[in-house]
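Heads up, the thing below is written out as structure tokens.
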Amino acid sequence: MTEKDIRVRYAPSPTGHLHIGNARTAIFNWLYTRHFNGTFVIRIEDTDTARNVEDGEKSQLDNLAWLGIDWDEGPDKPNSKYAPYRQSERNNQGIYQKYINELLEKGIAYKSYKTPEQLNVEREAQQAAKQAPHYIYEYEGLTNEERENKYQEYEAQGLKPVIRIHVSEDVVYKWDDIVKGKMEIASKEIGGDWVIQKADGMPTYNFAVVVDDHLMDITHVLRGDDHVSNTPKQIGVYNALGWDVPKFGHMTLIINTETGKKLSKRDESILQFIEQYKELGYLPEAMINFIGLLGWSPVGEDEIFTKEEFVNMFDPKRLSKAPAKFDAKKLQWVNNQWIRKSLDSVIPKLADELVKAGVATSGDYQNRTEWYKKMFEIAGVDGIAYTQEIVPLATYPFFKLPEMNNELREVVSSDVAKQLISDFAQQLTNLQDVSADNVMSIIRSLQTEQLRGRDLWNPLRVAITRAIQGPNLPEIVALMGKEWTLKNINDL
RNA sequence: GGCCCGAUGGUCAAGUGGCUAAGACGCCGCCCUUUCACGGCAGAAUCGAGGGUUCGAUUCCCUCUCGGGCUACCA
5 MTEKDIRVRY
15 APSPTGHLHI
25 GNARTAIFNW
35 LYTRHFNGTF
45 VIRIEDTDTA
55 RNVEDGEKSQ
65 LDNLAWLGID
75 WDEGPDKPNS
85 KYAPYRQSER
95 NNQGIYQKYI
105 NELLEKGIAY
115 KSYKTPEQLN
125 VEREAQQAAK
135 QAPHYIYEYE
145 GLTNEERENK
155 YQEYEAQGLK
165 PVIRIHVSED
175 VVYKWDDIVK
185 GKMEIASKEI
195 GGDWVIQKAD
205 GMPTYNFAVV
215 VDDHLMDITH
225 VLRGDDHVSN
235 TPKQIGVYNA
245 LGWDVPKFGH
255 MTLIINTETG
265 KKLSKRDESI
275 LQFIEQYKEL
285 GYLPEAMINF
295 IGLLGWSPVG
305 EDEIFTKEEF
315 VNMFDPKRLS
325 KAPAKFDAKK
335 LQWVNNQWIR
345 KSLDSVIPKL
355 ADELVKAGVA
365 TSGDYQNRTE
375 WYKKMFEIAG
385 VDGIAYTQEI
395 VPLATYPFFK
405 LPEMNNELRE
415 VVSSDVAKQL
425 ISDFAQQLTN
435 LQDVSADNVM
445 SIIRSLQTEQ
455 LRGRDLWNPL
465 RVAITRAIQG
475 PNLPEIVALM
485 GKEWTLKNIN
495 DL
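Going from the first sequence to the numbering used here is simple: count from 1 and add 4.
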């Protein structure tokens, strides 16, 4: 018998935008698949109709694609052979019902008519008695026939059932976790019989996931730590249906630095969504780079990797067992590295930022690409964390002159300063070639024993840029040219 | 409360029964520079605690502490 082909899935719920935590799960599943030459599957888990968000699926997939993650099968790939890939559609085809019926017939599952209110009362009583909450089987000691009669009775009252699966009392579920190693959880810790089909006819997550992973021949399930406690339930279903259990791996969660809790969609204190980073001008390469290093580490000492490099060196054994905090500062650094590394492709984005901000007109960049390149360089693109940060840097003085204020006025108001500025303007007027070197020469020639350092530079800088600090002044003048510079000085 | 998982500088982390315990971000200082940024060079800072095992524990075992997860007709 040959080893089965590796098939791995990422299964988002379309409840909103792509969250950092989910993106991480997706990235590692993708890395795992591509490293081992497997097939990467995307499945949409939309069984909670109340939480589904319009366009949620599209947003998830778009953001995944933006990150540079590709998949072989999914709801948007028409010829995928395990279609459909949305659980709602699979439910409509009766896929889950078939196995629910099977379990019902085997007597492993049964109909339960307890209302949420009843369950609440039971739970609260258990908690008050310091017991672990667990489901109380309501047909204890009844024959099948008696149970059927009960069903009739409840139906007559107009009650809608859920289907629960019976959990054996003395089983220990074991698995060898890709990340955590040997795991075992006793069946009595599960909390009793649990729901596999909701009153609305939808399967629950823990059931649908097993059916789909089995039917889709999924071999490896890599997911967040928060699913550890679901694993025994799912193994129970595999056993009940007589199916092989896939290999599980539970990756640690990302912790919010501010709250110390797992990164949650409800957190306001940190940027949660890939979309937000995209908007600010983080590069997908940087996002993958940073996230790929959260909870996983390579062998060497390097920090900057392409996704291809990640694929090559990925090793599930190096997945960390300890939760990692999300350090936005390091992300900024990683993104800065990527901006500098891929400057050619970033420059048009920088120009876009200026257009979006209403600073530059669209098309301007195409007309004078070289000027823009030089301008971004002088403005300090080397120092930005994300592309949006270029806006204030480039706006002043290259697109707009800051307002004068008292502090600035004071710098240029003395007679000495006025004379200096006027001398500079004079020399600049006579200058043939306005290069940074030549401008520097002019400024040097204006330097005296008394007039040097800030006394020399600040008045000139204010006269030309209306600021007392900023990028290298001669470079600014060289870029602006003679006319523009002189106009600024005259407008003073 | 119960069950599960974890613990190396502020953060991400490598690593080992014996090493001065890597590296990166951040921070501090210095240099470069008219200034900011960039860059360069240094620096501070870590094995949670207590017991074992051992000639020797950061490393192996136990307990504690702390942190996290789960405890749904959510996924």
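Glycine included, C-beta positions come from ideal geometry on N, C-alpha and C.
Can you tell me whether residue i is buried or exposed? The criterion is at least 16 other CB atoms within 10 Å of its CB, across all chains shown.
i	result
Val303	exposed
Pro82	exposed
Thr6	Low local confidence applies: a pLDDT of 46 at Thr6 is under 50, so the model's placement there is unreliable, and no value is given.
Val176	exposed
Lys329	exposed
Thr51	buried
Asn148	exposed
Asn409	exposed
Gly264	exposed
Thr37	buried
Leu460	buried
Thr208	buried
Val166	buried
Leu146	exposed
In angstroms with no decimal places, state the Cα-to-Cα distance between residue i and residue j.
i	j	result
Gly362	Val395	10 Å
Asp500	Asn67	The structure shown does not extend to residue 500, since the chain is modelled only from 5 through 496, so no value can be given for it.
Ile24	Phe277	6 Å
Asp59	Phe252	30 Å
Tyr103	Val215	8 Å
Leu35	Tyr89	21 Å
His347	Ser324	First, the residue type needs correcting, since residue 347 is Leu and not His in the sequence shown. So the two alpha carbons sit approximately 33 Å from each other.
Thr256	Lys321	13 Å
Ala383	Gly285	17 Å
Ser172	Lys115	17 Å
Asn492	Ile480	12 Å
Ser366	Thr43	43 Å
Trp488	Ser63	46 Å
Ser449	His21	59 Å
Lys186	Trp179	6 Å
Glu414	Gly387	30 Å
Pro288	Tyr281	9 Å
Leu267	Glu393	26 Å
Glu144	Asn153	14 Å
Ser84	Ile46	11 Å
Asn340	Trp75	28 Å
Gln131	Lys164	27 Å
Arg11	Thr235	19 Å
Phe309	Glu411	46 Å
Ala471	Thr19	48 Å
Ile99	Asp181	29 Å
Leu219	Glu106	15 Å
Arg127	Asn316	50 Å
Lys333	Val125	47 Å
Ile140	Gln101	24 Å
Using DSSP bridges, identify the partner residues of residue i.
i	result
Leu323	Trp300
Thr43	Arg11
His23	Phe277
Ala328	Ile258
Leaving out the 5 sequence neighbours to the left and right, which residues in its chain are closer than 7 Å to residue i when beta-carbon positions are compared?
i	result
Lys237	Ile194, Trp198, Asn210
Asn442	Leu435
Glu262	Ser273, Ile274
Val183	Gly253, His254, Met255, Leu323, Lys325
His231	His254
Asp427	Leu450
Arg28	Ile258, Ile295, Leu298
Which same chain residues end up closer than 8 Å to residue i when comparing Cβ atoms and leaving out the 5 residues on each side of it in sequence?
i	result
Val416	Lys422, Ile425, Pro463, Val466, Ala467, Leu496
Asp331	Thr261
Thr53	Ser92, Asp204, Met206
Within a Cβ cutoff of 6 Å, which residues of the same chain sit near residue i, ignoring the five residues on either side of it in sequence?
i	result
Tyr158	Tyr117
Pro327	Thr256, Leu257, Ile259
Pro478	Ala440, Val443, Met444
Tyr369	Ala355, Tyr376
Glu49	Ala15, Ser17, Gln91
Val213	none
Thr223	Lys8, Ile10, Arg11, Pro250
| said: Report the start-end ranges of each alpha helix (DSSP H) in the stretch 435-464 that is 4 residues or longer and not cut off at the edges. | reply: 440-450
| request: Please list the segments of the beta strand (DSSP E) lying wholly inside the stretch 179-232, counting only runs of 3 or more residues, in order along the chain. | output: Inside the stretch 179-232, DSSP marks whole beta strand (DSSP E) runs of 3 or more residues at positions 185-190, 198-201, 224-228, from first to last along the chain.
| message | Going residue by residue through the stretch 143-178, where are the continuous alpha helix (DSSP H) segments of at least 4 residues, counting only ones entirely within it? | response | Unbroken alpha helix (DSSP H) stretches of 4 residues or longer found wholly inside the stretch 143-178: 148-160, given in chain order.
| request: Please go through the stretch 243-311 and give each complete alpha helix (DSSP H) segment of 4 or more residues, from N-terminal end onward. | output: Every alpha helix (DSSP H) of 4 residues or more that sits fully in the stretch 243-311 is shown, in chain order, as 278-284, 288-296.
| field | Any alpha helix (DSSP H) of 4 or more consecutive residues that is wholly inside the stretch 49-129 | value | 60-71, 91-96, 99-110
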